[in-house]
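> Residue numbers (our numbering), protein chains in the order written: chain A, 637 to 744; chain B, 184 to 1004.
Note that the Cβ used here is the ideal one computed from N, Cα and C, for glycine as well.
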């Protein structure tokens, strides 16, 4: 899980956003796990990564921007709701990538 | 491998990514959610840490020498460069760093490219706008002006450097660094070019000289009798106090334009009508400026004041800065999108600008041979047009191809394929002659302003300024105080261009493209015995001015400014601050006695009487918490409806409504004005007392509703915003507690108002104050996005700090950026 988060973070520095799925997939292929387990690893990894970065950024920004974006996305202007949505969307993609990897190389 | 679950999982994940990697919705599209939410790519990257360190150093090979930028606590840069060229380079870099999206978006608007990033819009609104800008010739005008600009070696060098500075910023941008709006709309910035600078300058010309009422006036002329027309649209108001005070003796005109022999039959009395509707710039784009001679100030030094009224947008149209080079030291506001300081001061002089508002856009009726519109009747023969096909790209849709014919008059703005904002089909065609379409180099004026040392320099710098015509106030430390209305104004015969003109021969064309410069209105404060000069978009002179001026000017701000300045002595900058945010309504002062005299109090119930008493006791100030202005505005609007609606409802065509000043002055002179009678009630003749009373009774329900909704006080009722350019409320500052209004010096309307208040006292050490409704950063995620708005709304000012070279260690310097070559 830590590896997925790390690789996703590195990908995010240089590559498009959806490479988090690739990172989760790759780790899941290299370190085989049961599918459900893999999904949650990927999910949790990106959830914590995206949620964590968003939370840190938001704290430093004192929610100036998140309040505006959250209002725009009908989240009632709540910074925390926006951080959760951010984390959840990323997590779904990360989980999906990991799950796909787990099916490619099932645990023997 | 477990093939089925693998495929299923693969497809689901890929499907999810694909869904998150595109925009949804038809008109109002969502951002690309995946990248938008990604904390490493999307909007989170625009959430600027509070307390961010803006210091740093960059190496930019385009610079000739090193330069330094000192930011103060409001993120205002004090640029120290070793040449004008380097100053422009750094200015371009800073504009891009803090305002990139806005500067590019404005040039897209100028070039008719909004559909490219926003789609065709509701009812093809953006496409209609884009076609208008293209047809008007904005792009061709900018291209032609660029050639002119680049002939001037200084302008060329400066623009090249500015563009290089912008591109130095753009070229190092990563996805996450893009301004928020690019992420919302899903596009990327293009490289900047000198053409975009020219487009921006033309956009300002459009904004300030892109208004006329030719179609509405043409219809009114055809609809009303000659007598009624004269009553509704007088050439001048009685209470006008022109920029050049009445009584000035003007020399006879150098050139006398002659009305064509056919003017009466083919023009003034020809009952033609127009159904097309023009794109017009904001009508109240105006401004105040004045400058006071040392004889009237406490310090004995001149004081110059300016507050240009523009749309109160976020990011603001202005970016404040100081530019210091070995040759000059200028402070003021600049336009993100163009080099130089536009309004401001240097170590010797100060200057300010208001819009002249003269009519420099006219239409000609074109007779085409056939539907191909390739030949038109001109001077007794068929003449070929120049044909141009514009490609208007539309986001997520096939491009639109617009075929535009150009005649000797100018481009054909309206034809059967384009009726503007009208949905009535029309078989007629109109070509447009617009002064802003001429080649020009207005930027050269501002380049020179930065280093003017005296009145002669200022006058010389103005010689290059063509369009949009402006009234420039000037004051210097030697004590000279002056105003000049400058620009190229066509010399027109009386009434020329008030209506659509016949375009079948050359007789109606402008006979001279420009009144000679020395004939433009100007004055000095000291020779006028008045001790000050001022302008507020009113007519520059009375009817003794030897050229036709047109008739579409606001008069009330000018009246109150001159009244105050005439009364005042020993003036201080603090007095000027009070005056710039003054909310007195002269129009209401003139109208109230009339309304109170004619209302029939016996018809009012108790509630209505309470409202009337509030109005009667109102101090005539459009202050934020007053109820008087709301009652007055409703009452006056309803009274105009009562008086005029029956006279105007007989025509389905767009008709010009008379100015409020026209109606008021007519009623003051003649309480039995012929329009008061309601034509629809044939058996009886209404009196002024009846319509005034009826209008008041009609507004009572709305006033009661407003009282319930807490919208009865003026600020809440007019609801001023600093509105994001994309009109997104979340990125705007809404419901600002500010008074004022269109007729007050403090001209704050709903989305429009004093865009930069500046006061400069030219003592040996300049003392200056300023504020604009925005912030130095264009990033909605920055604490500097809206820094100045509360100060602006509450009428407060910031001292403007002209940083001296020995102040680089001053504690007001918060951050330093070093620019290395």
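Which runs of the alpha helix (DSSP H) spanning at least 4 residues fall entirely within the stretch 322-363 of chain B, listed in chain order?
Fully enclosed alpha helix (DSSP H) runs of 4 or longer: 336-354.
> Under 8 Å Cβ-Cβ, which residues of chain A neighbour residue 230/B?
The contacting residues are 693, 694, 696, 697, 700, 701 and 702.
> Can you have a look at residue 459/B and say buried or exposed, based on whether 16 or more other CB atoms are within 10 angstroms of its CB?
Under this definition residue 459/B is a buried residue.
> Which two residues bound the contiguous alpha helix (DSSP H) that contains residue 659/A?
Here the alpha helix (DSSP H) through residue 659/A covers 655-666.
> Give every residue of the same chain whose Cβ lies closer than 8 Å to the Cβ of residue 383/B, excluding the five residues on either side of it in the sequence, and list them in chain order.
Cβ within range, chain order: 286, 289, 290, 293, 518, 520 and 521.
> The stretch 714-733 of chain A: which residues have C-beta closer than 8 Å to a C-beta of chain D, in chain order?
Absent from the structure is chain D; the protein chains it does hold are A and B.
> For a contact meaning CB atoms closer than 8 Å, what does residue 680/A contact in chain B?
Residues of chain B passing the Cβ test: none, with the nearest at roughly 16 Å.
> Measure from the alpha carbon of residue 601/B to the alpha carbon of each residue in 778/B, 434/B and 315/B, then state which is nearest.
Considering only alpha carbons, the answer is 315/B.
> How about residue 302/B and residue 210/B: are their beta carbons less than 8 Å apart?
Their beta carbons are under 8 Å apart, which means residue 302/B touches residue 210/B by this criterion.
> Can you pull the chain A neighbours of residue 298/B, defined as C-beta to C-beta under 7 Å?
Those do not exist, as residue 298/B stays about 23 Å from chain A at its closest Cβ, beyond 7 Å.
> By the 9 Å beta-carbon criterion, what residues does the stretch 899-914 of chain B contribute toward chain A?
So the list reads 911, 912, 913 and 914, given in the order they occur along the chain.
> Compute the beta-carbon to beta-carbon distance between residue 906/B and residue 468/B, rounded to the nearest angstrom, for a pair I have assumed lies under 8 Å.
That pair is no contact at about 15 Å.
> Can you list, in chain order, the residues of the stretch 389-406 of chain B whose Cβ is nearer than 7 Å to any Cβ on chain A?
Under the 7 Å Cβ criterion, the stretch 389-406 of chain B contributes no residue.
> Work out the CA separation of residue 833/B and residue 400/B for me, nearest whole Å.
So the alpha carbons of these two residues sit roughly 16 Å apart.
> Whole angstroms are fine: how far does the CA of residue 681/A sit from the CA of residue 515/B?
Their Cα atoms are separated by approximately 51 Å.
> Out of curiosity, what's the CA-to-CA distance linking residue 639/B and residue 665/B?
Their backbone Cα atoms lie some 11 Å apart in a straight line.
> Kindly confirm or deny that the stretch 348-368 of chain B and the stretch 393-413 of chain B touch, where touching means at least three C-beta pairs closer than 8 Å.
The stretch 348-368 of chain B is not in contact with the stretch 393-413 of chain B.
> Measure how close the beta-carbons of residue 611/B and residue 395/B come, nearest whole angstrom, since I'm counting them as under 8 Å.
Incorrect: roughly 18 Å between the Cβ atoms, too far for contact.
> Starting from the C-beta of residue 836/B, find all residues in its chain whose C-beta is less than 6 Å away, skip the five residues before and the five after it, and write them out in chain order.
Counting only Cβ-Cβ distances below 6 Å, and skipping sequence neighbours, we find 402 and 456.
> Starting from residue 659/A, find everything on chain B with Cβ-Cβ shorter than 8 Å and list it in chain order.
None at all; the shortest Cβ gap to chain B is about 12 Å.
> Can you tell me where the beta strand (DSSP E) with residue 906/B in it begins and where it stops?
903-907 is the extent of the beta strand (DSSP E) around residue 906/B.
> Between the alpha carbons of residue 740/A and residue 684/A, how many angstroms are there, rounded?
Residue 740/A and residue 684/A: Cα-Cα distance of roughly 25 Å.
> Following a CB-centred definition, is residue 896/B positioned closer than 7 Å to any heavy atom of the ligand GTP?
Looking for the ligand GTP in the displayed structure turns up nothing, as the structure carries no ligands at all.
> Let me make sure I understand the geometry here. Which of 539/B, 226/B and 910/B has the alpha-carbon closest to that of residue 360/B?
For the residues 539/B, 226/B and 910/B, the minimum Cα distance to residue 360/B belongs to 226/B.
> Rounded to whole angstroms, what is the Cα-Cα separation between residue 764/B and residue 813/B?
Taking the straight line from one Cα to the other gives about 19 Å.
> Pull up the distance between the alpha-carbon of residue 713/B and that of residue 662/B, whole angstroms please.
So the two alpha carbons sit approximately 15 Å from each other.
> If the criterion is Cβ atoms closer than 8 Å, does the pair residue 656/A and residue 730/A meet it?
Yes, the pair counts as a contact, with Cβ atoms nearer than the cut-off.
> Please report how far the alpha carbon of residue 551/B lies from the alpha carbon of residue 685/B, in whole angstroms.
Rounded to whole angstroms, residue 551/B to residue 685/B spans 13 Å at the Cα level.
> Alpha carbon to alpha carbon, what distance is there between residue 722/A and residue 639/A?
Approximately 20 Å between the Cα atoms of the pair.
> Taking the straight line between their C-alpha atoms, what separation do you get for residue 902/B and residue 654/A?
One C-alpha to the other measures close to 43 Å.
> Quick one: measure Cβ to Cβ for residue 756/B and residue 944/B, integer angstroms, because I've assumed they're closer than 8 Å.
5 Å between Cβ atoms; contact.
> Output yes if chain B places a C-beta closer than 8 Å to the C-beta of residue 739/A; else output no.
For residue 739/A, the answer is yes, since a Cβ of chain B falls inside 8 Å of its Cβ.
> Within its chain, find whatever has a CB closer than 8 Å to the CB of residue 980/B; leave out the 5 residues flanking it on each side and keep chain order.
For residue 980/B, where only same-chain residues beyond five positions count, the Cβ hits under 8 Å are 760, 940, 942, 952, 953, 954 and 974.
> Taking Cβ positions, are residue 474/B and residue 597/B nearer each other than 8 Å?
It is not a contact, given that the beta carbons lie outside the stated cut-off.
> Just the chain B side, please: which residues come within less than 8 Å of residue 662/A by C-beta, in chain order?
In chain order: nothing, as chain B lies at least about 13 Å away.
> Can you pull the chain A neighbours of residue 200/B, defined as C-beta to C-beta under 7 Å?
Those within 7 Å of residue 200/B in chain A are 654, 657 and 729.
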